[in-house]
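Accompanying notes for the structure given below.
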Amino acid sequence: MSIDTIVVSCALQSEHAPVIQALQTLRGVAEVTAVTLVAEIGQFSRFSNPRQRMSYAGLVPKEYSSGSSRWQGSITKTGNSQIRRSIVEVCWSYRHRPSH
792 MSIDTIVVSC ALQSEHAPVI QALQTLRGVA EVTAVTLVAE IGQFSRFSNP RQRMSYAGLV
852 PKEYSSGSSR WQGSITKTGN SQIRRSIVEV CWSYRHRPSH
């Protein structure tokens, strides 16, 4: 039995099973990704909006502003790297739809 199988089996019997199963309804989110997100984020309700969640993951752009000028760069990468990696993989799945 692989470690992935054990982790998924335990996770689906935990109190977080409804959240894990809900995340899996999104295209590109399999068991391991859903478990990773739940394990790293914990209670999703602790963030009042998606922008805070993305900031926690380091998926917001760098910004330099002075007076009326504003410049946005690449993502900050200062947040949780496991969440960021998982979300980026899911985004690639949405961008490159599977061929039928």
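Once you know that position 81 of the sequence shown is 872 in this note's numbering, the rest is easy, because the numbers rise by one and skip nothing.
Built from N, CA and C at the ideal position, the CB exists for glycine as well.
Thinking C-alpha only, which one of I874, A821, S793 and I797 is nearest V851? Along the sequence shown, read from residue 1 onward, the residue named residue 851 stands at position 60. Among I874, A821, S793 and I797, the Cα nearest to that of V851 belongs to I874.
Nearest to I866 by CA position, among Y847, S884 and L817, is which residue? The count along the sequence shown starts at 1 and reaches residue 866 at position 75. Ranking the options by Cα distance to I866, first place goes to Y847.
Which residues in the same chain as R818 place their Cβ atom closer than 7 angstroms to its Cβ, once the five residues preceding and following it in sequence are excluded? Locating residue 818 in the sequence shown gives position 27, counting from the first residue. The residues are S884 and Y885.
How far does the alpha helix (DSSP H) with R861 in it reach, from first residue to last? Here residue 861 is taken as the residue at index 70 of the sequence shown, counted from 1. That residue, R861, is in no alpha helix (DSSP H); its beta strand (DSSP E) goes S860 to I866.
Could you tell me how far apart the beta carbons of I811 and A802 are, in whole angstroms, since I believe they sit closer than 8 angstroms? Counted from its first residue, the sequence shown places residue 811 at position 20. Counted from its first residue, the sequence shown places residue 802 at position 11. Going by Cβ atoms, the distance from I811 to A802 rounds to 6 angstroms, so yes, they are a contact pair.
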